[in-house]
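Notes follow the structure.
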Amino acid sequence: MNLIINGLEVFTAGDKSNQPIVFVHGFPYDHTMWDKQIEFLKEGYYCVTYDIRGLGNSDIGDGQYTMESYVDDLFKIIAELELAKPALCGLSMGGYISFRAVERSQETFGSLILCDTRAEADSDEGKLVRANKIKQINEEGIEAFVNSFVPTCFAKDTIENRSELFQSVLNKCKANDPIGVKGALIAMLSRTDTTSSLNKISIPTLIIVGENDALTPPAVMKSLNENIPNSEFVVIPKAGHMTPIEEPEAVNEAIERFLKHIDQ
Ligand code: MLT
Numbered sequence: 001m002n003l004i005i006n007g008l009e010v011f012t013a014g015d016k017s018n019q020p021i022v023f024v025h026g027f028p029y030d031h032t033m034w035d036k037q038i039e040f041l042k043e044g045y046y047c048v049t050y051d052i053r054g055l056g057n058s059d060i061g062d063g064q065y066t067m068e069s070y071v072d073d074l075f076k077i078i079a080e081l082e083l084a085k086p087a088l089c090g091l092s093m094g095g096y097i098s099f100r101a102v103e104r105s106q107e108t109f110g111s112l113i114l115c116d117t118r119a120e121a122d123s124d125e126g127k128l129v130r131a132n133k134i135k136q137i138n139e140e141g142i143e144a145f146v147n148s149f150v151p152t153c154f155a156k157d158t159i160e161n162r163s164e165l166f167q168s169v170l171n172k173c174k175a176n177d178p179i180g181v182k183g184a185l186i187a188m189l190s191r192t193d194t195t196s197s198l199n200k201i202s203i204p205t206l207i208i209v210g211e212n213d214a215l216t217p218p219a220v221m222k223s224l225n226e227n228i229p230n231s232e233f234v235v236i237p238k239a240g241h242m243t244p245i246e247e248p249e250a251v252n253e254a255i256e257r258f259l260k261h262i263d264q
């Protein structure tokens, strides 16, 4: 089902009486990055996903966002849909949103699934890289930015041997409004560091990373596992940063096993 909540495109699948899972996508993608997980999990879970403000089909508003406003949007969806203790599953920028949401209100969630993400804020160098990306969008356009950034998110093997899949993601990214994309870059570069809260996370947590993730490599994700007390760590062979798209079966299996295990 497709509905609008607070200007955001929200998608639900499955029986509302089942345990809810909220999926939060990465940058500069949209909710369809979770299609394969939802197709697989909707039989046993109530799956909810959405396009983050300014991306996909969600409202762009004034193009000025913060991690706080993204988290406000997430909480609004949870409240409107009356989700009880959902599992929260975020990838990369979706992970930044998840970390801050859990820091603000851990008791809202039943469990946490972190895919290809990090808790540290951007370094000064990272902030300058983001500023250059904004400049590139202004000077060369969204297509040039997407053509240079998105390939860094995929494993080389996916780009070379599954070009249809890769191209379809690339095209979706290019369809985003540059205002929303630049707003997301500013929200990410101004986000807070959530590392000092990691050891306070007490809900069951699953940490998933692609073996060939160049942006948030396994070593970075392993440190999350070392700092979050009740956490499990899974490396997905062959995948880059886009694990749910690149290796959906392995990701589905890891999520299902984790949720079944904590249910017992
Ligand atoms: C993402 O996949 O959401 C981005 O790579 C996050 C980032 O640029 O920090």
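In our numbering, the protein residues as written are 1 to 264. By construction, the Cβ of each residue, glycine as well, lies at the ideal position given by its N, Cα and C atoms.
Item	Value
Between H261 and Y29, what straight-line distance do the alpha-carbon atoms span, to the nearest angstrom?	30 Å
Along the chain, which unbroken stretches of the alpha helix (DSSP H) at least 4 residues long are found entirely within the stretch 112–140?	124–140
Looking only at its chain, what residues have a beta carbon closer than 6 Å to the beta carbon of L206, apart from the 5 residues adjacent to it on each side?	I113, E232, F258
Would the beta-carbon of P244 fall within 7 Å of that of M93?	no
Rounded to a whole number of angstroms, what is the C-alpha to C-alpha distance between P178 and F27?	12 Å
Give me the residue from M1, A187, V235 with the minimum Cα distance to I208.	V235
With E82 and I5 assumed to form a contact (beta carbons below 8 Å), what rounded beta-carbon distance in angstroms separates them?	About 12 Å; that fails the 8 Å criterion.
Excluding the five sequence neighbours on either side, which residues of its own chain have a C-beta within less than 7 Å of the C-beta of D15, listed in chain order?	Y46
Return yes when at least one heavy atom of ligand 1 lies under 6 Å from the C-beta of M67, else no.	no
Please report the residue range of the beta strand (DSSP E) in which I106 lies.	Ile is not the amino acid found at residue 106; the sequence shown has Gln there. It is not in any beta strand (DSSP E) - Q106 carries neither H nor E in the DSSP assignment.
Around the C-beta of L3, are 16 or more other C-beta atoms found within 10 angstroms, so that it is buried, or is it exposed?	exposed
Any idea if G7 is buried or exposed, counting beta-carbon neighbours within 10 angstroms, 16 or more meaning buried?	exposed
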